[in-house]
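Protein sequences appear in the order of chains V and G. Per the working numbering, the first sequence starts with residue 4, numbered consecutively. Per the working numbering, the second sequence starts with residue 503, numbered consecutively.
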Amino acid sequence: MTAPAPATGCRDVPVLAERGQQEVFCGLTGIIWLHRKIQDAFFLVVGSRTCAHLLQSAAGVMIFAEPRFGTAILEETDLAGLADAQEELEREVDRLLSRRPDIRQLFLVGSCPSEVIKLDLSRAAERLSARYAPKVRVLNYSGSGIETTFTEGEDACLAAMVPALPETDRRQLILVGALPDVVEDQALDLLSKLGIEDVAVLPARHADSGLAIGPNTVFALTQPFLGGTLAALERRGARHIPAPFPFGEEGTTAWLTAVAREFGVDQAHFDAVTAAPRARAARAVARAAEDLRDRSVFFFPDSQLEIPLARFLTRECGMRAIEVGTPYIHRAVVGPELDLLDRGPLLTEGQDVERQLDRCRGTRPGLTVCGLGLANPLEAEGLATKWAIELVFTPVHFYEQAGDLAGLFSRPLRRRAALRLEAAE
Amino acid sequence: MKLSVWTYEGPPHVGALRVATAMKGLHYVLHAPQGDTYADLLFTMIERRNHRPPVTYTTFQARDLGADTAQLFKTACLAAYDRFQPQAMIVGASCTAELIQDDPGGMAETMGLPVPVIPLDLPSYQRKENFGADETLFQLVRALARPMDRSADVTCNLIGPTALGFRHRDDIIELTALLGDMGIGVNVCAPYGATPQDLTRLGAAHFNVLMYPETGEAACRWMTRELGQPYTRTVPIGVGATRDFLGEVAALTGRSVALDESRLRLPWYSASVDSTYLTGKRVFIFGDGTHVASAARIARDEMGFEVAGLGCYNREQARMIRALAREHGVEALITEDYLEVEARIAELAPEMILGTQMERHIGKRLGIPCAVISAPVHVQDFPARYSPQMGIEGANVIFDTWVHPLVMGLEEHLLTMFREDFEFHDDAGASHHGAAATPRTPDPDAAEAPDSGGEVIWLDEAERELRKVPFFVRGKARRNTETYASERGLTRIGLDTLYDAKAHYAR
């Protein structure tokens, strides 16, 4: 259905590494979706008013069911003496856990200020874990902007959960990455139909899911930004199944193929299970692709989804990539994607937003994928844009969402075509 | 350390950003880690601005901390000057950069940039957004404004409107017209729409109009002291305040008051019989001090509401709000913790909330209608239509906005008349609101569990009767009856108690 892999992919293409102003979120932002996904967890950011303000602004709207996240805002007195800060933190946690008895996992999340003053959250987590075990498990990770970019916050969170997982010898598959429940259920259903039954998910929806890990565990990533989690899982003896990511018909098939091969699923059975959803996905993508075909696309760095999405848009939707900017290229993770991405686009890692804007304006792409801070200004300059954050918040993985994924890119173009707002000549 | 879930104000550098974004020809270099750039989207998304805020963030990372973040700042500063060629620059640190003590102000001074560079010292761990805006405007004015001859015609400066302000865009237009009717021109409006060069001309105005004390008071005080310009104390939100404001302007300028009231509709709308139902509605008011004070006056004097409680989130206005609360015979709530606000609202059970977007959510949870009167803002607070809060049109807008969430005049009476009707009942809600009507459940006893309010017990007959009271006054009826009962040492509320209480509280 799609073109054969290019003779020369982008794996060895030189990358333009940029170090200037980075117009990206920090890792705290991941809390917005992680707290919905892990239903008995609370995320306590130890940070400043800026962190609290980011969390309520990044989602665009407030999630008003009393959210399972909050910020312990550092004040002048906390900065003066550090021993004090530990006690203060424990006091806030005590208060929080007594008010929210439904909480089974508490994440102490480090921020820029807590990292700079070297507040030891792992020690705090240990002490609090000892106090609240076994009812509440307290873990810590850093979502600070000085260490993490946007989706790296999820990576840090999942990686923090791995060392605490119990040991098992079971032969099992773990899907790694926070997906919307509807998508996760579809993936589990597909794997079950392929005959792969012993499947677990990281992060699990609840603390008592029974998730365990060991030398007979294999795992597949569903998100390309989980390099740290990959390393943590390997340290526990689990083995990674490298694959392209399940975006679009081609990506989903390639991802499932890699998993099926690992579990010895025979080709005829694989084809029988995937034929119908593959065809549906291809049809749905084709409809949206009518608006995308032969247009150019330019990616500003955002979520690390950029390389897989560029592969999807160029190979399944007929677009031409001009620049694929991504915060970080983890070759062990996106290598199979780079193999599929035809040479041509400029690959950039990191960012110098002003220079990148110059390049973007210079090439006048048909569609620019960028963050919310840049989208309206570029629209006002006459460029069509797609907000990148929606690609992280919306169900876009696997066959049944392939059409929706293409639709996210085609909608801004259809909207521009639909509007008749210019004054008559 | 203080646990916070939602905040009313951002950090002080966001206040500085609001000033910089409101202006033209100014550039802000902010020493800040990667991630602090989220602030851009406040302006491009919530306010739908079509330009990026004029800010360069140094976006340092962990690897830079071991190396040289100061050099990073200098490079960013020079690059920003070269690229944007601003008339002036402001430089400062966000919360994290404050901790690494690179001293952006000191560094910028030594760089020999050919334009004024104004350092900002905004203590991130003590102060908040409004302070940041107020202080930034003050520092800009102090650095750029100089005494000069007054303009030949009587002019004033409009001081305080910023980007991301609650209806600032439209208040400027309304005020400019209002003053124009008295023959007074606007010399400079700042920071909204001003350039640094404009700020050098501030001294030509005869007086200043302090539109928003939250963001403009420090600058106005300085201009009084250094430029000899008096400033207005009345914020012209509401009919009475608008008249008082013009009186103040007349006193400052020697002109006579000229107010064209031909478009003013609030007084007649409020006096017309349809508005009878507004009488004595108990409202809870919360927001920034300035908007709360304005709203309290309008609520009592111009809408005929009863102020059941009020408060503000900015401590800078605490004294004024406490005095105002005493005047209304209520206790002021000064807090930035929305859970406290929610608890107070639940306790007071007002019939309506005048608040921020935060209180709108609280109202949704508690089933209490809410109209928004103050920042923090939401994309809804930037309507496409002209929608000021100040002046004549502001009063009209406020009447409509406050009445909209309520079940309206005649409809309220009809609800009372048909209160047992299966379609036209309490839970169906107001007819002009979108949500689909809920048919009444066949078993009325299942609809609402009796709630024994503390030690007082509601007997079944009274509880059933209470349920026949329309929902928007049911809370008040329950409270009044319970208060009445407990004042008389009654432990059980029967039908008689209910109606005795009703007669007792009848107005």
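Beta carbons are placed, not taken as given, at the ideal position from N, Cα and C, and that holds for glycine. Fair warning: this is a prediction, and the values are worked out from it, not measured in the lab.
Under a criterion of Cβ atoms nearer than 9 angstroms, no residue of chain G is adjacent to T329/V; the nearest Cβ is some 14 angstroms distant.
From the beta-carbon of G347/V, no residue of chain G is found nearer than 8 angstroms; the closest lies around 29 angstroms away.
Under DSSP, M854/G takes part in a beta bridge, and its partners are V785/G. Fewer than three Cβ pairs drawn from the segment 164-172 of chain V and the segment 311-323 of chain V lie within less than 8 angstroms of each other, which leaves the two stretches out of contact. Shown in chain order are the members of the segment 547-573 of chain G whose Cβ falls below 9 angstroms from a Cβ of chain V: M547, I548, R550, R551, N552, H553, R554, P555, T558, Y559, T560, T561, F562, Q563, A564, R565, D566, L567. In the structure shown, D345/V falls within a strand segment according to DSSP collapsed to helix, strand and coil. Positions of the beta strand (DSSP E) runs, each at least 3 residues long and wholly inside the segment 551-638 of chain G, are given as 557-559, 590-595, 619-621 in order along the chain.
With respect to L532/G, Y559/G sits close: the two C-beta atoms are nearer than 7 angstroms. Along the segment 202-236 of chain V, none of the residues has a CB nearer than 8 angstroms to a CB of chain G.
Annotated three-state conformation of N816/G is coil, per DSSP.
Taking CB atoms only, K504/G has a neighbour in chain V less than 7 angstroms away.
By the neighbour-count criterion, in which 16 or more other beta carbons inside 10 Å mark a residue as buried, N689/G falls on the buried side.
Assignment of A524/G by DSSP, reduced to helix, strand and coil, places it in the helix class. Of the candidates R648/G, L666/G, D673/G, D673/G places its Cα closest to the Cα of L660/G.
For a cut-off of 8 angstroms, the C-beta gap from F633/G to A721/G is around 13 angstroms, too long to register as a contact. Interface flag for Y815/G against chain V is unset, since no Cβ pair is found closer than 7 angstroms. The three-state reading of DSSP puts Y530/G in strand, counting E and B together. As summarised for the segment 221-277 of chain V, the continuous alpha helix (DSSP H) elements at least 4 residues long and confined to that stretch are 230-238, 251-265, given in chain order. Between P245/V and the set A257/V, A235/V, R239/V, the nearest pair of CA atoms involves A257/V. For the pair S299/V and P348/V, the CB atoms are not nearer than the 7 angstroms cut-off.
In the three-state DSSP reduction, W390/V falls in the strand class (E or B). Chain-order list of chain G residues neighbouring T74/V: S506, by C-beta distance under 7 angstroms. The C-alpha of I894/G lies about 17 angstroms from the C-alpha of A773/G. Within chain G, the residues whose beta carbon sits less than 8 angstroms from that of V27/V are Q536, G537, T539, listed in sequence order. Against chain G, the CB of C363/V has no partner CB under 7 angstroms away; the residue lies outside that interface. Scanning chain G for C-beta atoms nearer than 8 angstroms to the C-beta of N379/V yields T546, M547, R550, R551, N552, reported in chain order. Excluding the 5 residues flanking it on each side, G687/G has same chain C-beta neighbours closer than 7 angstroms at D655, T657, in chain order.
Here V741/G is buried: its Cβ has 16 or more other Cβ atoms, across all protein chains shown, within 10 Å.
For P304/V, the closest of H272/V, D43/V, R140/V, V356/V by C-alpha to C-alpha distance is V356/V. Within a 10 Å sphere around the beta-carbon of D566/G sit 16 or more other beta-carbons, which makes this residue buried. With 16 or more other CB atoms across the displayed protein chains lying within 10 angstroms of its CB, Q731/G is buried. Looking at the backbone, the Cα of D542/G and that of M503/G are separated by about 27 angstroms.
Distance from the CA of P878/G to the CA of G811/G, rounded to the nearest whole angstrom, comes to 20 angstroms. Our two residues, D97/V and C691/G, have alpha carbons roughly 50 angstroms apart in a direct line.
Distances from the CA of S60/V to each of G240/V, C29/V, M164/V were compared; the closest alpha carbon is that of C29/V.
Sequence-distant Cβ neighbours of E393/V in its own chain, meaning closer than 7 angstroms and more than five residues away, are L411.
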